[in-house]
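Everything in the sequence shown is counted per the numbering used here, starting at 507 for the first residue and increasing by one.
Please read the structure below before turning to the comments.
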Amino acid sequence: MLAPGSVCLCSAWPVVSIVNAHLQPTPDLTQVGQLLRDGVAQEALVWRSGLRPLVREALMGEAQLTALLAGQTLDGALEQATDLDISAWLPMAVQTGLLLGARLTKY
Numbered sequence: 507m508l509a510p511g512s513v514c515l516c517s518a519w520p521v522v523s524i525v526n527a528h529l530q531p532t533p534d535l536t537q538v539g540q541l542l543r544d545g546v547a548q549e550a551l552v553w554r555s556g557l558r559p560l561v562r563e564a565l566m567g568e569a570q571l572t573a574l575l576a577g578q579t580l581d582g583a584l585e586q587a588t589d590l591d592i593s594a595w596l597p598m599a600v601q602t603g604l605l606l607g608a609r610l611t612k613y
């Protein structure tokens, strides 16, 4: 189960870099300006940890995991997200509060 309100937004703009330029030291606005001039697109993953909103650039194949929000099993969603490195994604998703839990299903 993903955190409530989790969504992956595919944008033609560097939306993650724009947000982070206002919240963190890097990237700075000069770097973001260059990304805008270069026409860099980004996929933003947005979720909440408690009441705190979080955003980061989606990993390759992670956008496909939004199928979890449609009630699929983790196994079923991972079968669709063939580009996702599950061994890197799973620990990060648990540690950041993106993946809140899983339940057993009958086969």
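Virtual Cβ for every residue (Gly too), placed ideally from N, Cα, C.
In this text the structure is predicted, and so the values were computed from the model without any measurement.
Here C516 has E549 and A569 as same chain residues with Cβ atoms under 7 Å from its own Cβ, once five neighbours each way along the sequence are excluded. Separation of the CB atoms of M507 and L604 is rounded to 10 Å, and the pair is thereby denied contact status at 8 Å. By the Cβ neighbour-count rule, S555 is exposed, with fewer than 16 other Cβ atoms within 10 Å of its own. L565 places its beta carbon less than 8 Å from that of L590. By the C-beta density criterion, P520 is buried, having at least 16 other C-beta atoms within 10 angstroms.
In the three-state DSSP reduction, V522 falls in the helix class (H, G or I).
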